[in-house]
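Each number in this note's numbering corresponds to the 1-based position in the sequence shown with 1110 added.
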Amino acid sequence: TQSTRPQRLLGAVQKNATRGDPRSVVKAIDEFCRHKEWAMNVGDEKGCILDSVVSELNPATVLELGTYCGYSTVRIASLLPPHAKLITLEFNPDYAKIACQVIAWAGLEDKIQLVEGSSAEWIPKMKEHFGVKMLDLVFMDHWKDDYLPDTKLLEDCGLLRKGSVLLADNVICPGSPDYLKYVRRSPRYKSQYFRSHLEYTKAEDGLEKSVFLG
Ligand SMILES: Cc1cc(-c2n[nH]c(CCNC(=O)c3cc(-c4ccc(F)cc4)cc(O)c3O)n2)ccn1
Ligand SMILES: [Mg+2]
C-alpha cells in the first residue's frame, strides 16, 4: 500500500539522522522538506526565531498545540532545561504515531508528553491530569481557526500567568486574522510580529509573540 508523507518523512529521519541527536533529526527533516517533499513543519527559518524565543524564556512548562510530525516538538524540547516539560497535543492519530517515533529517534521521550485528542477536550484537563500549574510558553501551530477560541480557553482555565508567552505560527499564511486582531488589540497582551517566510518557500509568513500581562 502507498506510504503517506509523514511516513516518508520518518523514513528520512531514520535513514539520515543519528539516534539521540535532536539537531540531526531537525536537519534531516529540513533537508527532506526542502529537496524531496514539502511538509508543514515550522521549518528552519521560523525555527530559528522559535529557538531564540525558547532560549530567552527558559520555560519550565511548555504546551504545543499541533504536533504534526514532531519537528517543532524536538526543536523546542532540545533547548529546555533539565526538569522542564513539554506537553504536545495532536488531534490526528496518524500524525501522532509518526511524531512519537520522531521524538523517540531524537531521544527526547523523557521531556515530552504527546497527547492525542482535541484542544477543547484537553486544555480544561491540563491542571488535574498533568499537574500543570501555569504555562510558561504555548506554541500554537494547529488548526488556524482554533487559535482564538483556544487562547480564550487557556485564559478561562487560568493556565496563563503574568509573563506567559503565546507564540503562534502561520499568522500570515495560511493566516489567523481573528487571532491576530485579538492579541494585537487586547490590553492584556503585548504582541510582536516576527516577519519570516512560509517554511521552505519564498511566501511571506511570520510568528506572532504575545506576552500575557495578567
Ligand atoms: C490539538 C489539535 C491539533 C491539530 C493539528 N495537528 N497538526 C495540525 C496541522 C496544522 N497546521 C497547518 O495546518 C499548517 C498548514 C500550513 C500550510 C498548508 C498549505 C499551504 F498551502 C500553506 C501553508 C503551514 C503550516 O505551518 C501549518 O502549521 N493541526 C488540529 C486540531 N487540534
Ligand atoms: Mg505551522
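Every residue, glycine too, gets a C-beta built ideally from N, C-alpha and C.
**Alpha-carbon to alpha-carbon, Val1248 and Arg1295** = Locating residue 1295 in the sequence shown gives position 185, where the first residue counts as 1. Locating residue 1248 in the sequence shown gives position 138, where the first residue counts as 1. So the alpha carbons of these two residues sit roughly 19 angstroms apart.
**Request:** Could you check the C-alpha separation between Leu1218 and Ser1165 for me, to the nearest Å?
**Result:** Counted from its first residue, the sequence shown places residue 1218 at position 108. Counted from its first residue, the sequence shown places residue 1165 at position 55. Straight across, the Cα-Cα distance linking Leu1218 with Ser1165 is about 17 angstroms.
**Asked** Under a three-way DSSP split, which group does Pro1112 fall into?
**Response** Counted from its first residue, the sequence shown places residue 1112 at position 2. The sequence as given places Gln at residue 1112; Pro does not occur at that position. Here Gln1112 carries a coil assignment [DSSP, helix/strand/coil].
**Request:** Would you identify the three-state DSSP class for Leu1329, choosing helix, strand or coil?
**Result:** The requested residue 1329 does not occur in the structure, where the chain is confined to residues 1111 to 1324.
**Request:** Flag this pair as touching only if the stretch 1210 to 1227 and the stretch 1182 to 1195 have three or more C-beta atom pairs under 8 angstroms; answer yes or no.
**Result:** In the pairwise beta carbon analysis, the stretch 1210 to 1227 is classified as touching the stretch 1182 to 1195: at least three pairs are separated by under 8 angstroms.
**Request:** Note down, one range per segment and in chain order, each beta strand (DSSP E) of at least 3 residues found wholly within the stretch 1165 to 1209.
**Result:** Segments of the beta strand (DSSP E) lying fully in the stretch 1165 to 1209: 1171 to 1175, 1195 to 1200.
**Message:** DSSP has Lys1300 in a bridge; who is on the other side?
**Reply:** In the sequence shown, the residue the question calls residue 1300 occupies position 190. According to the DSSP secondary-structure assignment, Lys1300 is paired through a beta bridge with Val1321.
**Prompt:** Taking Cβ positions, are Leu1269 and Lys1237 nearer each other than 9 angstroms?
**Reply:** Indexing the sequence shown from 1 puts residue 1269 at position 159. Indexing the sequence shown from 1 puts residue 1237 at position 127. Judged by their CB atoms, Leu1269 and Lys1237 are nearer to each other than the 9 angstroms cut-off.
**Message:** ligand 1 and Met1150: does the residue's C-beta get closer than 8 angstroms to at least one heavy atom of that ligand?
**Reply:** Sequence index remark: in the sequence shown, residue 1150 carries index 40 (1-based). Within the cutoff, so yes.
**Message:** For a minimum of 3 consecutive residues, which ranges assigned as the beta strand (DSSP E) are wholly contained in the stretch 1228 to 1303?
**Reply:** Those beta strand (DSSP E) runs which fall completely within the stretch 1228 to 1303 and span 3+ residues are 1245 to 1250, 1270 to 1278.
**Item:** Cα-Cα separation between Ser1229 and Lys1137, rounded to whole angstroms
**Value:** Here residue 1229 is taken as the residue at index 119 of the sequence shown, counted from 1. Here residue 1137 is taken as the residue at index 27 of the sequence shown, counted from 1. Lys1137 has its alpha-carbon roughly 29 angstroms from the corresponding atom of Ser1229.
**Asked** Count the other CB atoms within 10 Å of the CB of Ser1113; is the residue buried (16 or more) or exposed (fewer)?
**Response** The sequence position of residue 1113 within the sequence shown is 3, counting from 1. Here Ser1113 is exposed, its C-beta having fewer than 16 other C-beta atoms within 10 Å.
**Prompt:** From Asp1266, Gly1316, Ser1134, Leu1323, pick the residue whose C-alpha is nearest to that of Leu1290; which is it?
**Reply:** Sequence index remark: in the sequence shown, residue 1290 carries index 180 (1-based). Leu1290 has its Cα closest to that of Gly1316, out of Asp1266, Gly1316, Ser1134, Leu1323.
**Message:** Using only CA atoms, which one of Leu1175, Gly1241, Trp1253 lies nearest to Cys1283?
**Reply:** Taking the first residue of the sequence shown as position 1, residue 1283 is located at position 173. Closest by alpha carbon: Trp1253.
**Under 9 angstroms between C-beta atoms of Trp1215 and Val1152** = Translated into positions along the sequence shown, residue 1215 becomes position 105. Translated into positions along the sequence shown, residue 1152 becomes position 42. In this structure, Val1152 does not lie closer than 9 angstroms to Trp1215 by Cβ.
**Asked** Of the residues Pro1116, Glu1231, Glu1155, which one's Cα is nearest the Cα of Glu1309?
**Response** Within the sequence shown, residue 1309 is the residue found at index 199, counting from 1. Looking only at Pro1116, Glu1231, Glu1155, the smallest Cα-Cα distance to Glu1309 is reached by Glu1155.
**Asked** Which residue from Tyr1205, His1239, Glu1200 puts its Cα closest to that of Gly1227?
**Response** What you label residue 1227 is simply residue 117 of the sequence shown in a count that begins at 1. With respect to the C-alpha of Gly1227, the residue from Tyr1205, His1239, Glu1200 having the closest C-alpha is Glu1200.
**Prompt:** From the DSSP output, which residues share a beta bridge with Glu1226?
**Reply:** Looking up residue 1226 in the sequence shown gives position 116. Answer by DSSP bridge pairing, in chain order: Glu1200.
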